[in-house]
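Here's the structure we're looking at; comments come further down.
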Amino acid sequence: SSPAPGTAKGEINVFAAASLNKTFTQLGKDFEAAHGGTSVKFNFAGSSALAQQINNGAPADVFASAAPANMKQVEDKGHVSGKAVNFVTNTLRIAVPKGNPKNIHTLADVVKPDVKLALCAEQVPCGAAAKTVFGAAKLTPKPVTLEQDVSATRTKLELGEVDAALIYRTDVQADADKLDGIDFPEMQSAVNDYPIAVLSGAKNAELARAWVDYVRGEHGKELLAKAGFTVV
Amino acid sequence: MTLDANLVAVQGDFRLSLPLTVDSGRTCAILGPNGAGKSTALRTVAGLHPLSGGHITIAGRPVDRLSARDRRVGLVFQDYLLFDHLTVLENVAFGLRARRASDVRDKALHWLDRVGLADYADRRPRQLSGGQAQRVALARALVTEPDVLLLDEPLAALDVAARAHVRAELRGWLADYTGATLLVTHDPLDAMVLADEMVVLEGGVVVQRGTPAEVATHPRTPYVATLVGLNLYRGSLAAGVVTLESGSLTVTSGEEGEVLVAFPPSAVGLYPARPEGSPRNCWPVTVSEIEPHTGTVRVRLTGSPDVQADITTAAVAELSLSPGTRLWATVKATEIRTYPV
Amino acid sequence: MTLDANLVAVQGDFRLSLPLTVDSGRTCAILGPNGAGKSTALRTVAGLHPLSGGHITIAGRPVDRLSARDRRVGLVFQDYLLFDHLTVLENVAFGLRARRASDVRDKALHWLDRVGLADYADRRPRQLSGGQAQRVALARALVTEPDVLLLDEPLAALDVAARAHVRAELRGWLADYTGATLLVTHDPLDAMVLADEMVVLEGGVVVQRGTPAEVATHPRTPYVATLVGLNLYRGSLAAGVVTLESGSLTVTSGEEGEVLVAFPPSAVGLYPARPEGSPRNCWPVTVSEIEPHTGTVRVRLTGSPDVQADITTAAVAELSLSPGTRLWATVKATEIRTYPV
Amino acid sequence: MSEQNRVPTLLLLPALLGLAFLALPLVGLLLRTPWDRLGEQLAAPAVREALWLSLITATVATVLCLLLGVPLALLLSRTRLPGIRLIRAVITVPLVLPPVVGGVALLLAFGRNGVLGRYLDAWFGITLPFTSAGVVLAETFVAMPFLVIAVEGALRGIDRRYEEAAATLGAGRWTVFRRVTLPMIAPGVLAGAVLCWARALGEFGATITFAGNFPGTTRTMPLTVYLALETDPQAATVLSLLMLVVSVLVLAGLRHRWVGVQ
Amino acid sequence: MSEQNRVPTLLLLPALLGLAFLALPLVGLLLRTPWDRLGEQLAAPAVREALWLSLITATVATVLCLLLGVPLALLLSRTRLPGIRLIRAVITVPLVLPPVVGGVALLLAFGRNGVLGRYLDAWFGITLPFTSAGVVLAETFVAMPFLVIAVEGALRGIDRRYEEAAATLGAGRWTVFRRVTLPMIAPGVLAGAVLCWARALGEFGATITFAGNFPGTTRTMPLTVYLALETDPQAATVLSLLMLVVSVLVLAGLRHRWVGVQ
Ligand SMILES: Nc1ncnc2c1ncn2[C@@H]1O[C@H](COP(=O)(O)OP(=O)(O)OP(=O)(O)O)[C@@H](O)[C@H]1O
Ligand SMILES: Nc1ncnc2c1ncn2[C@@H]1O[C@H](COP(=O)(O)OP(=O)(O)OP(=O)(O)O)[C@@H](O)[C@H]1O
Ligand SMILES: [Mg+2]
Ligand SMILES: [Mg+2]
């Protein structure tokens, strides 16, 4: 029962995980072009910060989280209208500097003593995912650092401080001219869902729903896939 | 606009107690050694230091409870405290602006002109010489037409030549000023030239008061005697002889009892041998210090009693004086003033 | 340890040029009005201000290129600049410690004792009176046994009573001191008492030098004349008459040419009508200012020439003097000193 | 004069070491910057918008800090309230609190459900979070302690007798403050304002948490840099340098105009 | 005296407003804090470890700032090099740079492939990132400007003639500095050190970017707080308050010991 394009007007605030930054900004422009008289505003930050903001009364119409846990924090407080749906997933890859100087091909290679490894901290989704994949592979990683988010992890790799890192496919994609991504079998054990939901406090629920539909529509899928997401 | 006060104030361990009355148009000088409480007295009158007892009345109006700004008192600080971020003119205009007077610029310029600094209106205080700064500070205080003018060592920072000049100027301005003036100084000459009355403070209490001439001729403490350059002793007078702590002096007074005796160093004669003649007082002394002054030489002598003498440079050579020389000192009884303690 | 220097220095627009020789054990006083360059001269000798010309030699050793620390010069500042974060003893010990001397504590205590402040060793400088601080500053400078001692207005911050006392003390210490001393002062009395030679600076150049007595009796500029309390004029002498800028004076000298003439205010007689009699100089004057001093009154008079007179208080009353009174002034030719420019 | 101007040789080494330590990271940044992309970034309206927003909010925050902080410093240096220790402690709070927590704390205070925010919303319809005003607030919160501490230091350093002189001339406490105290502490206030402005300009954690990250209204330069780091690290370097250059220019201009030092 | 101590009434309002503004977020935090969980957090070895690491690194960073920053301030205030403007600009860099970018810049300088870091690694086998030394470095970088600016202000305020007096007494430049200049600027240095320590203690962005986040070696309190925010916001509040209390206690202790003001 999505409204016909062009009927909803006005403005919405989309709270979205920082990793959606590039794709959503482009989608927003396209959406505004397609739906005259609408304006989509984005608030990009870490999913947990966004959840905090929404729970503290932020004026949000849509929440696109990089982790189900943060969406759940919002749902628990009754801020979600209807039900959150997963719109993309992201999977971990082994990222190495271009050319793969340390010759890394499997997850077992990254736990070698001469490989400096960066992971995300367990408390954030990519870290939780990393824990899961290592568990699945029955390996004990010896990371030199547990970063607070994916981009910090990638920065370490990019500047050559570490030899390998486990980061999302999308993040490897974003810096493709410097990094190589390596797939490994265990990555499927930790697929990270990105849920999206219209919020109960939405000032413009109609347009919010139109936006969610747009994201999940053909154009949205296309852009998200291009960024490296697996579209659900 | 009489100032009538009994200044009782505490500053740490120090306690000031100073009863004081100064009539309109009159100037009272406060003298005293360092730490005597002179500045504290002025600060108390100005409302910058709390009164812990006594009272302050200006022109019949009790001001004890008023803040500094409402007392209508002009205070000139020893180091002037001109505002360096304002021009000379704005310094003078400060009090007028603070009191929302009209014609501020004109009045300030008029006063600058009066102190002879109209050309300096746009300068910064740091570009003035000491004497000029002093005049600006005075103008700044006087332009607000205070009921009482308080001057804390107004001439102390000036060189000798400037001091004589500014002292004379100050005399002129004080003559024109209709309020009461309190003048703190270290220099008895300032008091002589500028004041109608003189109060000597030591350790927070008054040790002597009177006209400058009275005080100068009848010092009551060694500090005052040093100040005015007299020999001063205390003793008991009986039958024309004052018995001192050490030695005695014959005087012409017929009174009896505790007295102070004083005579100028110029009244002392010095001789290599005991002279025969009229001087009634004659005792052996030893030279301890020789200090040449312009024209004369001051000689400090130990004996019973110790004494200072002023003699001519020629006499020094003639007597071939040097520390340790033994001499006889004489003073005519008629040169000695006695007065009750 | 003779100081031989030609101090040429620049400070903004100001230029100092002062040739100077002070022998071991002797004291040279530098006098001059505010801004004359006295402090700059001392700072230049101490190495705190660069020499832009000339030279400085101490005990035969050129020190121009040495830093302040290596010049072995003791400088006592007008406001002492004692280190407030150190005790009195540590202030005195500072120079010894800086030079890694031995027995630092003993030597410092010895000097503190010499200046009579052994009991104050553990105090902070701010807890001292001005006179005590002055003595500590002196001890701090002298303990390092400097070749040259520089004193910048050492008595200026003291009260009159303390000043006389400290001046006498200073005289004692300077007598014991074997180096050369440069003493900056505003007070001619300091120079008389303490110095062997006197240099008068005005606007950075020497206007007069000589022994204190010579300078006092033969002032060469109005500043010096005011300093020593004389009437001073400049004029051209021919046939026993000096023609001044305004008026003329008859003198006893038979010389010819440009001269300075001087006489003390006490040599001036004042009369309500033109007196008949011996004084050769007699001209009409008008009272401009009256300044009572102890014993006498100084009267400033305008006329051709302007003149200052000292008369007794009795005479003031008798002549009923007040500003504006017209009088006749007389000076005996024998009282007037003339000397070539 | 001449010679005292020089720094002890023993201290020259650590001074230069300190300088090198501060300069080296800058050199690193400069070396890595893809200069050819500078023009592109400068041309991007979003970047210009963010830069402008940063400058405006940091400046408004500094003004706010001055308005509230100078009186607060006066209170701290001039009264002997028994609670002064507590006040002093409160002032150091924003210094020590990690900025993100500061942002949460601001939400708790001024958010729609916050201690005060709920009344602001209910009574006046004012909501501060997620507005440019919110950015200013977050920056003010984080930067104010720098101003207060600098100004308090300046206040302790001045000769109080100038204020007394002004009082005897008939100036009330307000006039004394405005015409004597303030001009005398001006250099200290300026130094504090510089610290304050720089801190506000670089503020990230509290801003993103309290004010969000909306282009045009709350996305300041540091937030732009943060997003660029997510997707385009090179752009982040360019943006940081851009911000740096602008701030150095502003500060140099200020110094030149107001202080005349060097 | 008496009366001049009071603050103009007109300024009391902004002063109290400023105070309230700084205090309110704290109140918000306090109200929301689950006090019953304080014990639990304090008991957690990870928390104690992080707290200890924070205190140690912030203190070492402050000492480093003092050692390098005081000489640098001296250089700034006492020389008239032509390049002094540039030096001054370099010093404000860490103030303005968003901390994360500061961290990146540090990596570019001292990282494994950094301008200097590559030689440190190759020649001495020293790698700074991911070590406690790296944390100290990051904190030093971010905090040093505060110290330098505060000390430079203090240096400009003192009467140089005391230094001259010391020189005439035979003290060389180093002795003058140690025995005269340093005691005279002590209050300014202390104020700077306090700012510096507080800033270092709260440092987050540069630390995590440069030194990473590993329990025991580089996970300081702010990092712990940040991670707690991700999963357990309540715990984050408790941890922040814990850190706050400790720092206020340390600062109060310092003030009491060294300054004697209030
Ligand atoms: N801030 C202070 N705290 C404690 N005691 C003080 C303070 N200021 C002055 N005193 C004491 O008060 C006394 C009077 O000081 P005051 O300044 O009035 O003296 P004074 O006569 O003006 O001296 P001077 O001639 O040196 O100016 C002194 O003994 C001094 O020790
Ligand atoms: N920092 C400065 N910059 C420029 N000119 C200065 C500076 N300090 C002093 N002067 C100038 O140098 C000249 C000499 O100053 P100096 O301090 O040596 O005089 P002084 O004889 O010691 O005066 P005083 O009796 O007031 O102490 C003065 O004319 C003054 O204007
Ligand atoms: Mg006094
Ligand atoms: Mg001088």
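These protein sequence lines are chains A, B, C, D and E, in that order.
Every number in this note's numbering is 6 more than the matching position in the first sequence, counting from 1.
Every number in this note's numbering is 2 more than the matching position in the second sequence, counting from 1.
Every number in this note's numbering is 2 more than the matching position in the third sequence, counting from 1.
Every number in this note's numbering is 15 more than the matching position in the fourth sequence, counting from 1.
Every number in this note's numbering is 15 more than the matching position in the fifth sequence, counting from 1.
Virtual Cβ for every residue (Gly too), placed ideally from N, Cα, C.
These numbers come from a predicted model, not from an experiment.
**OP:** For the alpha helix (DSSP H) holding Met200 (chain B), just list the boundary residues, first then last.
**Re:** Segment 199 to 204 is the beta strand (DSSP E) holding Met200 (chain B); no alpha helix (DSSP H) there.
**OP:** Below 7 Å CB to CB, which residues in the same chain sit around Ala48 (chain C) once its five sequence neighbours on both sides are set aside?
**Re:** Ala70, Arg73, Val75, Leu77, Leu152
Subject >> Backbone secondary structure at Asn61 (chain A) - three-state DSSP >> reply: helix
**OP:** Could you name the residues of the same chain whose beta carbon sits closer than 6 Å to that of Asp198 (chain C), not counting the 5 residues immediately before and after it, in chain order?
**Re:** Arg28, Thr29
Original post:
How many angstroms separate the CA atom of His51 (chain C) from the CA atom of Leu44 (chain E)?
Top reply: 59 Å
**OP:** Could you please give the first and the last residue of the uninterrupted beta strand (DSSP E) stretch that includes Lys47 (chain A)?
**Re:** 44 to 51
Original post:
For Asn240 (chain D), which of helix, strand or coil comes out of DSSP?
Top reply: What sits at residue 240 (chain D) in the sequence shown is Val, not Asn. Correct three-state label for Val240 (chain D): helix.
**OP:** Verify whether the separation of the beta carbon atoms of Ser41 (chain C) and Val207 (chain C) is less than 7 Å.
**Re:** no
Original post:
If we count Cβ pairs, one from each stretch, closer than 8 Å, do we get three or more for the stretch 57 to 65 of chain C versus the stretch 153 to 161 of chain E?
Top reply: no
Original post:
What whole-angstrom Cβ distance do Pro131 (chain A) and Asn198 (chain A) have, given they're in contact under 8 Å?
Top reply: 5 Å
Original post:
To the nearest angstrom, how far is it from the Cα of Val78 (chain E) to the Cα of Ala221 (chain E)?
Top reply: 19 Å
Subject >> DSSP three-state assignment for His1 (chain C), whether helix, strand or coil >> reply: For chain C, the structure presents residues 3 to 343; residue 1 (chain C) sits outside this window and is missing.
Subject >> Per-residue burial, Gly129 (chain D) [other beta carbons within 10 Å of its own, 16 or more giving buried] >> reply: buried
Original post:
What separation, rounded to the nearest whole angstrom, lies between the Cα atoms of Pro230 (chain E) and Met159 (chain E)?
Top reply: 26 Å
**OP:** Provide the residue span of the beta strand (DSSP E) that contains Arg99 (chain B), from first to last.
**Re:** Premise fails: Arg99 (chain B) lies in the alpha helix (DSSP H), 90 to 100, not in any beta strand (DSSP E).
Original post:
Out of curiosity, what's the CA-to-CA distance linking Leu91 (chain B) and Leu266 (chain E)?
Top reply: 47 Å
Subject >> Proximity test, Cβ basis, 7 Å: Arg339 (chain B) and chain C >> reply: no
**OP:** Tell me whether Ser41 (chain C) counts as near ligand 4, meaning its Cβ is closer than 6 Å to at least one heavy atom of that ligand.
**Re:** yes
**OP:** Provide the residue span of the alpha helix (DSSP H) that contains Asn76 (chain A), from first to last.
**Re:** 74 to 82
Subject >> Distance, Phe265 (chain B) Cα to Ile338 (chain B) Cα >> reply: 5 Å
Original post:
To the nearest angstrom, how far is it from the Cα of Asp105 (chain C) to the Cα of Ile200 (chain E)?
Top reply: 30 Å
Original post:
Any idea what DSSP makes of Ala211 (chain A), helix, strand or coil?
Top reply: helix
Subject >> Test: Ala75 (chain A) CB closer than 7 Å to a CB of chain D >> reply: no
**OP:** With 9 Å as the limit, tell me which residues of the stretch 149 to 179 of chain B have their beta carbon closer than that to any beta carbon of chain C; keep them in chain order.
**Re:** Ala158, Ala159, Leu160, Asp161, Val162, Ala163, Ala164, Arg165, Ala166, His167, Arg169, Ala170, Arg173, Gly174
Subject >> Short CB-CB distance (under 7 Å) between Arg102 (chain B) and chain D >> reply: no
Subject >> Inside the stretch 143 to 174 of chain A only - alpha helix (DSSP H) runs reaching at least 4 residues >> reply: 156 to 164
**OP:** Just mark Met16 (chain E) as buried or exposed, buried being the case when its beta carbon has 16 or more other beta carbons within 10 Å.
**Re:** Note on Met16 (chain E): pLDDT 39, under 50, position unreliable in the model; the coordinate value appears next. The residue in question, Met16 (chain E), is exposed, as its Cβ has fewer than 16 Cβ neighbours within 10 Å.
**OP:** Using three-state DSSP, classify Ser238 (chain B) as helix, strand or coil.
**Re:** strand
Subject >> Distance between beta carbons of Val163 (chain E) and Gly84 (chain E), contact taken as under 8 Å >> reply: 5 Å
Subject >> Contacting residues, own chain, Cβ-Cβ under 7 Å from Val46 (chain A) (five flanking each side not counted) >> reply: Ile18, Val20, Gly34, Phe37, Glu38, Trp217
Original post:
Would Ile141 (chain D) be called buried (16 or more neighbouring beta carbons within 10 Å of its own) or exposed?
Top reply: exposed
Original post:
Could you give the distance in angstroms between the alpha-carbon of Leu27 (chain D) and the alpha-carbon of Gly39 (chain B)?
Top reply: 49 Å
Subject >> Closer than 6 Å: Ala8 (chain C) CB and nearest ligand 1 heavy atom >> reply: Note on residue identity: the sequence assigns Asn, not Ala, to residue 8 (chain C). Outside the cutoff, so no.
**OP:** Consider the Cβ of Leu257 (chain D): report whether some Cβ of chain E lies at a distance smaller than 7 Å.
**Re:** no
Original post:
Run through DSSP, which three-state label would Gly203 (chain D) get?
Top reply: helix
Original post:
To which residues of the same chain is Leu119 (chain C) closer than 7 Å at the C-beta, ignoring the five residues directly before and after it?
Top reply: Val90, Gln134, Arg137, Val138
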